[in-house]
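Just so you know, we're using the working numbering here: the sequence shown kicks off at 7 and counts up by one.
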Amino acid sequence: MHDAAFAALGVDARYEAWDVPPSELAGTVARLREPDVLGANVTVPHKRAVMELLDRIAPEARAIGAVNVIAKTAAGLEGSNSDAEGFLRSLREAGVDPAGLHVRLLGAGGAARAVGYALLRAGVARLEIVNRTHARAEELAADLADGAGGRVTALGEATAAPEAVGVWVQATSLGMRKQGRDPQERPVPAAVLEACARAATEPPVAVDLVYRPRRTPFLRDAEAAGMTVVDGTGMLVHQGAVAFEAWTGRPAPVPTMRAALVAALAEDGS
Ligand code: NAP
7 MHDAAFAALG VDARYEAWDV PPSELAGTVA RLREPDVLGA NVTVPHKRAV
57 MELLDRIAPE ARAIGAVNVI AKTAAGLEGS NSDAEGFLRS LREAGVDPAG
107 LHVRLLGAGG AARAVGYALL RAGVARLEIV NRTHARAEEL AADLADGAGG
157 RVTALGEATA APEAVGVWVQ ATSLGMRKQG RDPQERPVPA AVLEACARAA
207 TEPPVAVDLV YRPRRTPFLR DAEAAGMTVV DGTGMLVHQG AVAFEAWTGR
257 PAPVPTMRAA LVAALAEDGS
């Protein structure tokens, strides 16, 4: 995706994957300061730990508590978070405006943290967080409560009162193709999504952050129930576009990036 974008804009750069154990994080960040490096993405398990190694943290990344982009600025290495903005851009692109809607967020990991922050910023009426480990849902709800005016709560069960929900966001790793994992696992039974869709006057929306496969069991159930579905490739492309803009200072060629991503996913059967 990024290499296709560099080629399309004539930027002499390439995107490399570096496998960095925690003991080498500081040395790797120091390496980013060299002039031949444009910037970096950061992923698990370093999104929080990397913050103290950078010169500046963008306010949004500070509020979310995770950095997934590092770019070079006049102030040195700046850490930011492109997941929140990437998520909102993917909704906008799908014609979904979450403002005023009742949202149920499944998951309380790093991705859910960015998505919850984004949804509150976008003006949702109510945000319910459900997670296998309930204490983490409570912790995330408490972290997001500041300035949310009582709109955010941790919910014990994903199945409770589905009629009220206008947007479901699947932010757990369930459904992701991974060795040793049941690919049919669902975060919520199909009957619950059916009950939600039956009660609605307009089709509810189901968003899945998982992009491999593009049609997860959750999205297949939602689609069968008549919901509007948004797969994880939208957020992946747009968080990448936000990062690309931070590294190069130029608008990202989104269609080029999407085509490269979709081709790569199709190649491995997603
Ligand atoms: P994470 O921090 O490891 O969190 C994983 C989440 O999944 C936690 O809420 C965890 O619950 C839950 N979970 C894991 N196994 C489960 C199971 N068997 N049953 C129920 N819940 C389970 O991961 P993350 O960074 O938030 O990423 C979550 C997913 O989003 C991944 O699949 C990732 O690929 C995807 N993602 C997509 C994009 C995109 O651009 N489309 C961006 C970021 C992430 P517990 O707290 O109980 O462990």
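Cβ atoms here follow ideal geometry from the backbone N, Cα and C, with glycine treated the same way. Note that the coordinates shown come from a computational prediction; the quantities given were computed from them, not determined experimentally.
Between which two residues does the alpha helix (DSSP H) carrying residue i extend?
i	result
HIS244	239-254
LEU150	140-150
VAL260	260-273
PRO223	223-230
On a CA-only basis, which of the options is nearest residue i? Give me that one, please.
i	options	result
VAL194	ARG187, ASP214, LYS184	ASP214
LEU111	ALA124, GLU84, GLY45	ALA124
ARG99	ARG20, ALA252, VAL243	The sequence shown places Glu at residue 99, not Arg. Minimum Cα distance to GLU99 is reached at VAL243.
ALA205	GLY181, ARG256, GLY162, GLY232	GLY232
THR234	PHE250, ARG132, LEU225	LEU225
ALA14	HIS140, GLN185, GLY275, VAL260	VAL260
MET7	GLU273, ARG68, GLY246	GLY246
LEU38	ASP9, THR79, ALA64	THR79
MET263	ALA55, GLY172, ALA249	ALA249
GLY106	PHE93, LEU133, GLY92	LEU133
VAL130	ALA141, ALA148, GLY155, HIS140	GLY155
GLU163	ALA148, HIS140, GLY153, ASP152	HIS140
GLN176	VAL158, GLY71, PHE93, VAL17	PHE93
TRP174	VAL109, ALA128, PRO41	VAL109
Give the range of the beta strand (DSSP E) segment to which residue i is assigned.
i	result
VAL158	158-160
GLY85	82-86
ASP18	That residue, ASP18, is in no beta strand (DSSP E); it is neither H nor E in DSSP.
VAL75	75-79
ALA46	45-47
VAL50	Per DSSP, VAL50 belongs to no beta strand (DSSP E) and is neither H nor E.
TRP174	173-176
Would you say the beta carbon of residue i comes nearer than 7 Å to a heavy atom of the ligand NAP?
i	result
ASN137	yes
SER86	no
ASP89	yes
MET182	yes
VAL50	yes
ALA114	yes
ARG98	no
ALA220	A small correction: the amino acid at residue 220 is Arg; Ala does not occupy that position in the sequence shown. Result no, Cβ not under 7 Å from the ligand NAP.
THR165	no
ARG54	no
PRO193	yes
LEU215	yes
GLN245	yes
MET241	yes
ALA148	no
Give me, in chain order, the residues of the same chain whose beta-carbon lies closer than 7 Å to that of residue i; leave out the 5 immediate sequence neighbours on both sides.
i	result
THR34	TRP24, VAL26
LEU146	ALA114, ALA118, ARG119, GLY122, ILE135
ALA252	GLY45, VAL75, ALA77, SER86
MET57	ILE63, VAL73, GLY85
SER96	VAL236, GLY240, MET241, HIS244
ALA128	LEU94, PRO104, ALA105
Kindly indicate which three-state DSSP category residue i falls into: helix, strand or coil?
i	result
VAL121	helix
ASP214	strand
GLU134	strand
HIS108	strand
VAL236	strand
ARG62	strand
VAL35	helix
VAL194	coil
VAL56	helix
LEU199	helix
GLU169	helix
SER96	helix
ARG68	helix
GLY116	helix
Excluding sequence positions up to five away, which residues of its chain have a Cβ less than 6 Å from the Cβ of residue i?
i	result
THR178	LEU112, GLY113, PRO193
LEU60	LEU83, GLY85
ARG62	ALA81, GLU84
ALA228	LEU199, ALA212, VAL235
THR165	VAL198
ALA67	VAL73, GLY85, SER86, ASN87
PHE12	ALA19
ALA266	MET7, ALA10
In chain order, what residues of the same chain have a beta carbon less than 8 Å from the beta carbon of residue i, not counting five sequence neighbours either side?
i	result
ALA143	ALA114, ILE135, VAL136, ASN137, ALA160, LEU161
ALA270	MET7
ALA196	ASP227, ALA230, ALA231
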